[in-house]
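Below: the structure, in structure tokens.
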Amino acid sequence: MRVPDAREDASARVGRRTRWLAAAFRNAYDLGWVPEAMVANIASVHVDLEHQAVILVLKSGTRIIDRLDRIDVVGTADDVAVSELVEAVRRRGWTSVKVHGAPAFRRAAALLLQGLEPPVAVADSPLGEADLARIEDLRRVRGTIPARPLRKEM
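In the working numbering, the protein residues as written are 4 to 157.
Next comes the structure, spelled out in structure tokens:
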């Protein structure tokens with residue numbers, strides 16, 4: 004147990020909490036190192052051993068429940084939640100996913116998943132040819148891939 008020091012300022016407490024969250028996040032995902040900036044949107048990390056899940060509670064109150072075979076978003080699926088969901092997919096190393104939910108959520112997730120390197124295939128993708136062409140152009144501009152057609156998953 005630690006007794007708070009009245010002389011300690013708020014920034015020191017925030018820094019300590021951020022370091023603790025980064026360590027909890029690193030341990031939950033068995034990662035070698037986690038930059039503190041990676042936990043900027045996370046309020047807490049819980050490991051549920053009984054249900055084999057890592058539960059990320061975002062500062063907005065939305066929960067991302069990362070199970071062995073699926074990831075659920077419970078709460079408001081705002082831009083931060085979608086970004087954290089996509090990062091969880093990337094950490095898992097998945098190469099293809101099926102996204103369920105509201106059309107706006109599915110589209111936002113599919114755009115970010117296709118933007119990963121390598122892209123994550125999205126079954127029943129809500130993206131149109133124009134979206135796929137825009138992603139392809141962005142990749143070409145960034146120089147991450149050679150010019151080649153990006154095909155929509157059927």
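Every residue, glycine too, gets a C-beta built ideally from N, C-alpha and C.
{"Asked": "Restricting to Cα atoms, I'd like to know which of Asp72, Ile68, Ser63 and Arg145 is closest to Asp82.", "Found": "Ser63"}
{"Asked": "Under the three-state reduction of DSSP, which class applies to Asp12: helix, strand or coil?", "Found": "coil"}
{"Asked": "Just mark Ser14 as buried or exposed, buried being the case when its beta carbon has 16 or more other beta carbons within 10 Å.", "Found": "exposed"}
{"Asked": "Could you please give me the residues that DSSP links to Arg20 through a beta bridge?", "Found": "Per DSSP, none; premise fails for Arg20."}
{"Asked": "Expressed to the nearest angstrom, what Euclidean distance is found between the alpha-carbon atoms of Gly118 and Pro106?", "Found": "18 Å"}
{"Asked": "List in chain order: all unbroken beta strand (DSSP E) runs of 3+ residues lying wholly within the region 16–103.", "Found": "45–51, 56–61, 66–70, 74–77 and 99–101"}
{"Asked": "Can the beta-carbon of Leu71 be found closer than 8 Å to that of Ile45?", "Found": "no"}
{"Asked": "Which residue's Cα is closest to the Cα of Ala120: Val48, Arg142 and Arg137?", "Found": "The amino acid at residue 120 is misidentified as Ala; the sequence shows Glu. Looking at the Cα atoms, Arg142 is the closest of the given residues."}
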